[in-house]
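Visitor: Just so it is clear: in the sequence shown, position 433 is 529 by the numbering used here, and no numbers are missing. All residues carry an ideal CB built from backbone N, CA and C; glycine is no exception. Dropping the structure in here first, questions after.
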Amino acid sequence: MEPPAAKRSRGCPAGPEERDAGAGAARGRGRPEALLDLSAKRVAESWAFEQVEERFSRVPEPVQKRIVFWSFPRSEREICMYSSLGYPPPEGEHDARVPFTRGLHLLQSGAVDRVLQVGFHLSGNIREPGSPGEPERLYHVSISFDRCKITSVSCGCDNRDLFYCAHVVALSLYRIRHAGQVELRLPISETLSQMNRDQLQKFVQYLISAHHTEVLPTAQRLADEILLLGSEINLVNGAPDPTAGAGIEDANCWHLDEEQIQEQVKQLLSNGGYYGASQQLRSMFSKVPCGPAGRGVQKAPADAPALPHHPVPGTGALWVCVVLSPHCKPEERAGWLQLLSRWDKLDVCPLEEGNYSFDGPSLRPTVAPVPGSEEEEEVAATSPRHTVFGRALLAGELRWNDAYLQRILASDSYGPSLTGSMGGDKLTFDPQGRPLWLGEPFPTACARVDTLRAHGYPRQALRLASAIINTLRLQQRHQLESYKQQKKELLQKGSTCITNTEGWVGHPLDPIGCLCRALLEACRLEEETLTLYPDSGPEKRKVAYQHVPVPGSPGESYLVLALEVALLGLGQQRALPEGLYAQDKVVRNEEQLLALLEEVELDERLVQVLRKQAGLLLEGGPFSGFGEVLFRESVPMHTCARYLFTALLPHDPDLAYRLALRAMRLPVLETAFPAGEPHPSPLDSIMSNRFPRWFILGHLETRQCELASTMLTAAKGDPKWLHTVLGSIQQNIHSPALLFKLAQDACKTATPVSAPPDTTLLGIALELGRQVMRMTLNVMTWRRREMVRWLVSCATEIGPQALMNIMQNWYSLFTPVEAATIVAVTGTTHATLLRLQLDTPRREELWACARTLALQCAMKDPQNCALPALTLCEKNHSAFEAAYQIVLDAAAGGLGHAHLFTVARYMEHRGLPLRAYKLATLALAQLSIAFNQDSHPAVNDVLWACSLSHSLGRHELSAIVPLIIRSIHCAPMLSDILRRWTLSAPGLGPLGARRAAKPLGADRAPLCQLLDAAVTAYITTSHSRLTHISPRHYGDFIEFLGKARETFLLAPDGHLQFAQFLENLKQTYKGKKKLMLLVRERFG
């Protein structure tokens, strides 16, 4: 197998396009750089210093110094990558625990001191403040570097972690940001060569004297070997110099502690099922897939204690990159494949989730199968077992020695004119003469690009990426032609089968991400001493990109290709994969791609590409997620559409709205619920029972809501688009909770603090709120009260007419309780009236509307709405009378005694005792308290009613006694009422005249009837209790008889009646000897 030529990391200078990129960065700062610095930069990043010394017999000292100066890394991105989980840290994630952040704080606090660069070796001291009560700590840091990479680090803190420690970060950032302040010396061998014998002897003796305890044994051993003529040390020319940089054959890669990585990976793999472990492994895999970290990851699982039960993100792609290495030795690849095959056969080996095939369709410019054909609808009965290592095993069969592939990789100008026909009818070039890459599945071809890039072949990766994109373009063109022929049939059918079950976004090999990162990396405008976080604040600098021309394609740039391929992948109509992890990866992968695109600043050239691709997506039919006809379970386009809408809006609003409105669809819900129909559980968006496969449905609905909110905000002030967006929302969003959030957002946007409100947008918000009310009317939720209050406040913002409109149509929006207790009350509060600034007639009209609403609610639900209606109608006599009559009618229709007592107490509080008495008698007529219910909930209400009748006079008291006797059979309660009435004379009548001068007697009418009822109740209750009495209740029964005697004694012949009662008990229950003994002891 022949690896691609011109591997840059082995000493070949950068290409002309890369030189232009660096020169452009210098010109961007306003002054040209010196030719010496430009040359020294390129040599420093590409050639080992040994190669420079071998090629040129004499290198002047100023040139040496500039090469040494520019050999240290110039960007903080790599320092950040090796000292934090993120690359770079996510927006807003300035975590003080991350070594990069801690090192940045140390640098900004002036903790870096005594920095010295000797050749390719940097050293310095870091003073770190101690904890409270502890002294300051001093750490000595040493860093070796070569060709703009840190090759080894050493720190006094003895850090053993995956990341560089904060002290190494602080020294590195100091060297990048304050390079001019660092004392620079040539490699120590150059200084020693300028000394004579006496100076050298003095230097060595002083060095030994300063560090005699550490180096004296070593110094003596070396001296003995040098004095021995035949020793090995005398057979070698020269001597090692740790400050002279790496040799030509030395590996040039960033330093990481491989042993520590292996230990860490073993531990993380053992905990692979935990979210934190998966996050760390994903971060590690995404950083350096084939660098030192990758090697540590490759070695670690061999003796790992256990494989994770769930797929660790990135595992398969990492191993594909390893096995597909273009300069890998056959025996090394065979060893890896043998190890992977052994893991693949283990029962505990995690399976690859999602319906992704291992032998998917190859790239081809021909017409795809007709959607809905028999070929497309066939489903395999069984699927083979695919583990996370399966793709790496298949990648072991791929080779790089294909002649056509080698020609693509070898030249930027490869075309048909150089080769003529490539044999047979195999199509190898597009109509423009640009090379195509056919015969391999798209993810596999992109894995080749990622492998080339990871193994140090960036230009070859770009060439292959360009060929793949040429193929995608040709394929897209044929797909559009195919769709145009079938468009009428598909639109009539109204549905389609999926044209690509294997989506590219979220694929285990991340093909779209591989292409985008490779293309964008070529366009990144790297400024020297680039700082992620400037000293002035915590805001991260934005990445700058420039257009880098694509060789052989006039007018095109890698930046254009990156945008185009990202939109091709994001806009692809594809089925949602199976499994929680696979679906979660689709979401994360889409967000990562859009984060890359959002870093690109759109110029006129990119906007044209954006407009062209947006148009193609709208016309893509079943091949596009924005097509007119969608497969039921295709991945929604909400997140992608939100990016496109925001990007296109300033340049082509009509296209932006058409694209976003088309993307509002959520087909899996459209086929399950008719338009406007809510979920079975309205505020629960995750339909785990109805849609067991769609684990991320809640997240997708949230993204749909965010897209709608973005459109509403952008359409502010444009009634045409506002109403169009409203129609789309009402048709496509089925979650009341999300609709309510949209309504709230729209209302907030429509009412800025320092500007007049947008009445159209407020009307949209109100209409959305009304829809939420209708959807949740028959399904009570804990948020209904909040929703109702918000709707009233929104209507208030619009004006009195909107408020009266929801009052007049309350029955379709609110329950009677909500309408009477929230809508009518809130709509007529003092604050609301002040907000509306109504004149007297309009205010009275609003009050009349609220009273009508309250009366309608009272008629529909008198139990819960009668009292609120009475309260609201207090100031209007006719309305109050109507409400009172509703209560009376409801009492005849079964209104409960509890509600009647409540309204009666309200009437008494209002100063209407006769009406209160009337309602109390109606309540008593419905009440029934048994002999053993002395703790009945209505006891207090009964006592209040008796007190009310006693205060009104003898006539009212006489009228209520029969009701008391008929409704209450509890002896203690009857005797209590009797005693209360005998304590004082009846009170004032309604006309204010006292009707009685002295208390009523218990033996006279009307209380004699109540006394007889009480005595009878005691007798009945006694017999009832004695039927099933137990010895432990004897004491309670004796107390009960004591209370009975007190009631008996209120009658003239009470003593005789009570004695007869006791004698009857003794005869009847003489078998209960102990109880009867207690009765005799107490009562004789």
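1. If we ignore side chains and look at the alpha-carbon of each, how far apart do V705 and C890 end up?
2. According to DSSP, what are the bridge partners of K245?
3. For Y235, which of helix, strand or coil comes out of DSSP?
4. Just tell me which of A810, E940, F216 has its CA closest to the CA of G341.
5. Compute the Euclidean distance between the alpha carbons of S824 and L864, then round it to the nearest angstrom.
6. Going by alpha carbons, who is nearest to S1118 out of K1162, P1102, L765, Q1105?
7. Taking C-alpha atoms, which residue in V644, E660, V661 lies nearest to S653?
8. Thinking just about the alpha-carbon of each residue, which of R1121, T872, A842 is nearest to the one in T806?
9. Decide if G486 is buried, meaning its Cβ has at least 16 other Cβ atoms within 10 Å, or exposed.
10. What residues in its chain sit with their C-beta under 7 Å from that of I792, if we drop five residues either side in the sequence?
11. Using 8 Å as the cut-off, can you tell me whether the segment 1098 to 1106 makes contact with the segment 1129 to 1136, which would need three or more C-beta pairs spanning the two stretches below that distance?
12. Between the C-alpha atoms of P912 and R481, what's the straight-line distance to the nearest angstrom?
13. Taking the beta carbon of G1167 as the centre, do at least 16 other beta carbons fall within 10 Å, making it buried, or is it exposed?
14. Identify which residue in D814, S908, E157, Q575 has its Cα closest to the Cα of Q290.
15. Does the Cβ of S850 have 16 or more other Cβ atoms within 10 Å, making it buried, or fewer, making it exposed?
16. Examine the Cβ distances between the segment 346 to 354 and the segment 284 to 298 and report whether three or more of them are shorter than 8 Å.
17. Please confirm if the segment 273 to 289 is in contact with the segment 242 to 257, defined as three or more CB-CB distances below 8 Å between the two stretches.
18. Got a sec? Which residues, its chain only, sit under 8 Å from T924 by beta carbon, not counting five neighbours each side?
19. Are the CB atoms of G667 and M760 within a distance shorter than 8 Å?
20. When burial is assigned at 16 or more other CB atoms within 10 Å of the CB, is W432 buried or exposed?
21. Can you tell me which of the three DSSP states G1049 falls into?
22. Could you name the residues of the same chain whose beta carbon sits closer than 7 Å to that of R1233, not counting the 5 residues immediately before and after it, in chain order?
23. Reducing DSSP to helix, strand and coil, say where L414 ends up.
24. Between the alpha carbons of A347 and S142, how many angstroms are there, rounded?
25. For Q1163, which beta-bridge partners are listed by DSSP?
26. By how many angstroms is the C-alpha of V696 removed from the C-alpha of G199?
27. So P958 packs on A986, CB below 8 Å; how close in whole Å?
28. Considering just the uninterrupted stretch of the beta strand (DSSP E) at G220, what are its terminal residues?
29. Between which residues of its own chain and P225 is the CB-CB distance below 7 Å, once the five residues before and five after are set aside?
30. For C542, does the three-state DSSP call read helix, strand or coil?
31. Pick helix, strand or coil for S507, following the three-state DSSP scheme.
32. V265: which of L693, P195, S248 sits nearest, CA to CA?
33. Decide if the segment 436 to 446 is in contact with the segment 484 to 499; the criterion is three or more beta carbon pairs, one per stretch, under 8 Å apart.
34. Is it right to say L1074 is buried, meaning 16 or more other beta carbons lie within 10 angstroms of its own, or is it exposed?
35. Given this structure, state the Cα-to-Cα distance separating R931 from N905, to the nearest angstrom.
36. Compare the Cα-Cα distances from E724 to each of M1172, A315, G711 and report the closest residue.
Guide: From the atom records:
1. As a working mapping, residue 705 is identified with position 609 in the sequence shown. As a working mapping, residue 890 is identified with position 794 in the sequence shown. Just so you know, the alpha carbons of V705 and C890 end up roughly 42 Å apart.
2. If you number the sequence shown from 1, residue 245 lands on position 149. DSSP, once it has assigned bridges, lists D242 as partnering K245.
3. As a working note, residue 235 is residue 139 in the sequence shown. Strand at Y235.
4. Translated into the one-based positions of the sequence shown, residue 341 becomes position 245. Among A810, E940, F216, the Cα nearest to that of G341 belongs to F216.
5. The count along the sequence shown starts at 1 and reaches residue 824 at position 728. The count along the sequence shown starts at 1 and reaches residue 864 at position 768. About 12 Å.
6. Along the sequence shown, one-based indexing puts residue 1118 at 1022. The shortest C-alpha separation from S1118 is found at K1162.
7. Looking up residue 653 in the sequence shown gives position 557. Residue V644 is the option with its Cα nearest to S653.
8. Sequence index remark: in the sequence shown, residue 806 carries index 710 (1-based). Answer by Cα proximity: A842.
9. Position 390 of the sequence shown holds residue 486. When all chains shown are included, G486 counts as buried.
10. For the purposes of this step, residue 792 is taken as residue 696 along the sequence shown, with counting starting at 1. The answer, listed in chain order, is Q679, D680, V683.
11. no
12. For the purposes of this step, residue 912 is identified with residue 816 of the sequence shown, where counting begins at 1. For the purposes of this step, residue 481 is identified with residue 385 of the sequence shown, where counting begins at 1. Taking the straight line from one Cα to the other gives about 59 Å.
13. Position 1071 of the sequence shown, counting from 1, holds the residue named residue 1167. By the 10 Å Cβ count, G1167 comes out exposed.
14. Indexing the sequence shown from 1 puts residue 290 at position 194. Comparing Cα positions, the closest option is E157.
15. As a first step, residue 850 must be located in the sequence shown, where it is residue number 754. Exposed, because fewer than 16 other Cβ atoms sit within 10 Å of the Cβ of S850.
16. no
17. For the pair of segments examined, the segment 273 to 289 was found not to touch the segment 242 to 257: the number of CB pairs separated by less than 8 Å stays below three.
18. Along the sequence shown, one-based indexing puts residue 924 at 828. Hits under 8 Å: L942, W943, A946, L968.
19. On the sequence shown, position 664 is the one that residue 760 refers to. On the sequence shown, position 571 is the one that residue 667 refers to. No, these two residues do not count as a Cβ contact at 8 Å.
20. The residue given as residue 432 occupies position 336 in the sequence shown. In this structure W432 is buried. Its beta-carbon is surrounded by 16 or more other beta-carbon atoms within 10 angstroms.
21. Position 953 of the sequence shown holds residue 1049. In the structure shown, G1049 sits in coil (DSSP, three-state: anything other than H, G, I, E or B).
22. Residue 1233 falls outside the range modelled here, since the chain spans only 97 to 1180, and no answer is possible.
23. Translated into positions along the sequence shown, residue 414 becomes position 318. Here L414 sits in helix by DSSP.
24. Start at 1 with the first residue of the sequence shown, and residue 347 comes out as number 251. Start at 1 with the first residue of the sequence shown, and residue 142 comes out as number 46. Rounded to the nearest angstrom, the two C-alpha atoms are 13 Å apart.
25. One-based indexing of the sequence shown puts residue 1163 at position 1067. BP columns for Q1163 are empty, so no partner.
26. Stepping through the sequence shown from its first residue, residue 199 is reached at position 103. Stepping through the sequence shown from its first residue, residue 696 is reached at position 600. Looking at the two C-alpha atoms, the distance is approximately 29 Å.
27. Here residue 958 refers to the residue found at position 862 of the sequence shown. Here residue 986 refers to the residue found at position 890 of the sequence shown. About 4 Å separates the two Cβ atoms, so the contact holds.
28. Locating residue 220 in the sequence shown gives position 124, counting from the first residue. Note, G220: beta strand (DSSP E), 217 to 224.
29. Taking the first residue of the sequence shown as 1, we reach residue 225 at position 129. The answer, listed in chain order, is E232.
30. Taking the first residue of the sequence shown as 1, we reach residue 542 at position 446. Residue state, collapsed to three classes: helix.
31. Here residue 507 refers to the residue found at position 411 of the sequence shown. If DSSP states are grouped into helix, strand and coil, S507 belongs with coil.
32. Position 169 of the sequence shown, counting from 1, holds the residue named residue 265. Closest option to V265, Cα to Cα, is P195.
33. With the cut-off at 8 Å, the segment 436 to 446 and the segment 484 to 499 touch.
34. Indexing the sequence shown from 1 puts residue 1074 at position 978. Counting Cβ neighbours within 10 Å, L1074 comes out buried, since at least 16 surround it.
35. Position 835 of the sequence shown holds residue 931. Position 809 of the sequence shown holds residue 905. Near 22 Å, if we compare the C-alpha coordinates of N905 and R931.
36. By one-based count along the sequence shown, residue 724 stands at place 628. The shortest C-alpha separation from E724 is found at G711.
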